[in-house]
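Data block below; observations after.
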Amino acid sequence: MVTLPRRSAHRRNAHHPAVLATVAGVLLAFVVLVLPQPAEPGSWFPGDEVADSLVGRWIDAVGGMETYHEFQSAAFTVTTVLYDTVTGRIRRSRPRYVWIKKGPYGEQSRIERWEGAGLIQQGFNGRDPAWAAVEGELLPDTAKDTREALYVSRDVFYWFGLPFKLRDPGVYLQYLGLRERPGAEWSGEAGSPTRAPDGLYHAVGVSFGVGVGEHQDVFTYYFAPDNPLPHETTYVEEGKTSLNRMVWGEIDRAGQIEYPYAVRRDFLTESGKRTKALVVSDVVVNPETPQQKFERP
Numbered sequence: 053m054v055t056l057p058r059r060s061a062h063r064r065n066a067h068h069p070a071v072l073a074t075v076a077g078v079l080l081a082f083v084v085l086v087l088p089q090p091a092e093p094g095s096w097f098p099g100d101e102v103a104d105s106l107v108g109r110w111i112d113a114v115g116g117m118e119t120y121h122e123f124q125s126a127a128f129t130v131t132t133v134l135y136d137t138v139t140g141r142i143r144r145s146r147p148r149y150v151w152i153k154k155g156p157y158g159e160q161s162r163i164e165r166w167e168g169a170g171l172i173q174q175g176f177n178g179r180d181p182a183w184a185a186v187e188g189e190l191l192p193d194t195a196k197d198t199r200e201a202l203y204v205s206r207d208v209f210y211w212f213g214l215p216f217k218l219r220d221p222g223v224y225l226q227y228l229g230l231r232e233r234p235g236a237e238w239s240g241e242a243g244s245p246t247r248a249p250d251g252l253y254h255a256v257g258v259s260f261g262v263g264v265g266e267h268q269d270v271f272t273y274y275f276a277p278d279n280p281l282p283h284e285t286t287y288v289e290e291g292k293t294s295l296n297r298m299v300w301g302e303i304d305r306a307g308q309i310e311y312p313y314a315v316r317r318d319f320l321t322e323s324g325k326r327t328k329a330l331v332v333s334d335v336v337v338n339p340e341t342p343q344q345k346f347e348r349p
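Residue numbers (our numbering): 53 to 349.
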């Protein structure tokens with residue numbers, strides 16, 4: 053169960069949204085079972101108000117949109133940990149060093165990691181083409197790291213910006229009704245998944261309008277009725293049919309504005325075995341990051 057750390061009195065949110073179970077029961081009769089393809093701007097899904105209320109409850113629980121308005125930049129480390137699904141042991145661990153910033157042309161990112169070739173750098177300043185370099189030497193546009201630079205840059209900003217990014221223009225929310233979570237529950241022990249706990253979760257589908265983001269992936273967030281924070285997110289990547297599962301870990305806060313972020317996210321198979329985790333550490337909120345950090349070498 054995802055929980056929130058205590059906040060200082062001056063940052064606590066005074067709003068407590070009403071329980072949504074009654075509304076959800078009324079809407080359950082016309083739940084849409086399949087999330088539609090990304091919609092054109094201006095379209096409307098049945099149940100939008102319920103989905104919007106669930107997302108709003110999540111945002112309120114972590115400080116409200118005013119917290120995101122006060123957020124300008126961050127620096128942090130995100131470590132990808134790969135697991136062996138049979139033994140549960142760590143196969144590989146790779147840190148990435150990340151800077152993000154709201155800039156004059158939009159969201160900016162800089163990511164650095166070490167590989168065999170040296171220090172790999174990727175960046176995007178919100179205006180010019182995203183770039184990649186090795187030890188400061190710019191890579192050609194055809195290089196894999198260059199081709200992936202824009203997606204990676206937006207991805208690190210997006211996940212650190214949740215739940216607030218779900219209020220962005222072109223993000224479509226759809227209430228999918230009360231559902232069981234898919235697959236087995238991860239027990240935390242190697243090779244011993246258990247059945248998902250009994251009970252229904254509010255399911256909210258998230259898709260993106262044409263031209264929003266680099267990929268038209270489709271997400272579903274599962275909220276327990278008594279918890280404003282999601283327990284699990286599943287997603288299907290554009291052009292694929294396989295279901296990916298991600299379980300949310302604890303939420304921590306950083307900086308004077310007490311900005312909320314997920315300390316870790318665990319990725320599971322449908323049988324409940326962990327394949328990887330993304331662990332966020334060394335978080336600094338609103339540092340004075342120079343603009344040059346995001347520019348091409």
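Glycine is no exception: its CB is placed at the ideal position from the N, C-alpha and C atoms. All values reported here derive from a predicted model rather than from experimental measurement.
Check whether G140 and G158 have beta carbons under 7 angstroms apart: Not closer than 7 angstroms, so no.
Residue from V223, S105, P339, T131 with nearest C-alpha to R317: T131
Simplified DSSP state of E101, which is helix, strand or coil: helix
Own chain, CB closer than 7 angstroms to A81, minus 5 neighbours either side, in chain order: The predicted position of A81 is uncertain, since its pLDDT is 36 and thus under 50; no value can be drawn from it.
Assigned secondary structure, V208 (DSSP; H/G/I helix, E/B strand, else coil): helix
Rounded distance between the beta-carbons of L228 and V256, thought under 8 angstroms: 7 angstroms
Every unbroken beta strand (DSSP E) inside the stretch 118 to 203 [3 residues or more]: Considered as a whole, the stretch 118 to 203 harbours 125 to 135, 142 to 155, 158 to 167, 170 to 176, 183 to 186 as its complete beta strand (DSSP E) runs of no fewer than 3 residues, in chain order.
Segments assigned beta strand (DSSP E), at least 3 residues, entirely inside the stretch 270 to 320: Secondary structure in the stretch 270 to 320: the beta strand (DSSP E) runs of 3 residues or longer, each lying completely within the stretch, are 270 to 275, 282 to 288, 296 to 300, 303 to 306, 311 to 314, 316 to 320 in chain order.
Straight-line Cα distance separating A169 from E101: 50 angstroms
CB contact flag (S205, F176, <7 angstroms): yes
Same chain only: Cβ atoms within 8 angstroms of K154, ignoring 5 sequence neighbours per side: F123, Q124, S125, Q160
Per DSSP, cross-strand counterpart(s) of R345: Residue identity check: residue 345 is Lys in the sequence provided, not Arg. According to DSSP, K345 bridges with nothing at all.
DSSP beta-bridge partners of K328: L134, F319
Among G115, L214, L218, A185, the one whose alpha carbon lies nearest that of V315: L214
Between the CA atoms of F212 and D112 - distance to the nearest angstrom: Put simply, the backbone Cα of D112 is about 17 angstroms away from that of F212.
C-beta contact flag for V150 and I172 at 7 angstroms: no
Member of E347, V258, V336, R165 whose CA lies at the smallest distance from the CA of D304: Distance check between D304 and each of E347, V258, V336, R165 places V336 closest, using alpha-carbon atoms only.
K328 and L134 closer than 7 angstroms at C-beta: yes
Candidates S259, Y274, Q343: closest to E219 by CA position: In the sequence on display, residue 219 carries Arg and not Glu. The residue with the shortest Cα to Cα distance from R219 is S259.
Exposure of E167, with buried meaning 16 or more beta-carbon neighbours within 10 Å: Burial call: exposed.
Assigned secondary structure, G229 (DSSP; H/G/I helix, E/B strand, else coil): strand
Closest residue to V114 among Q174, Y311, F128 (Cα-Cα distance): With distances taken between Cα atoms, V114 lies closest to Y311.
Neighbourhood of P349 by C-beta, 6 angstroms cutoff - its chain only, sequence neighbours within 5 removed: A185, G188, L190
CB-CB length for L252 against E232, believed under 8 angstroms: 6 angstroms
Residues near T272 by beta carbon distance below 6 angstroms, same chain, minus five either side: Counting only Cβ-Cβ distances below 6 angstroms, and skipping sequence neighbours, we find A255, G257, T286.
Cβ neighbour criterion (16 or more within 10 Å) applied to V332: With 16 or more other Cβ atoms inside 10 Å of its own Cβ, V332 counts as buried.
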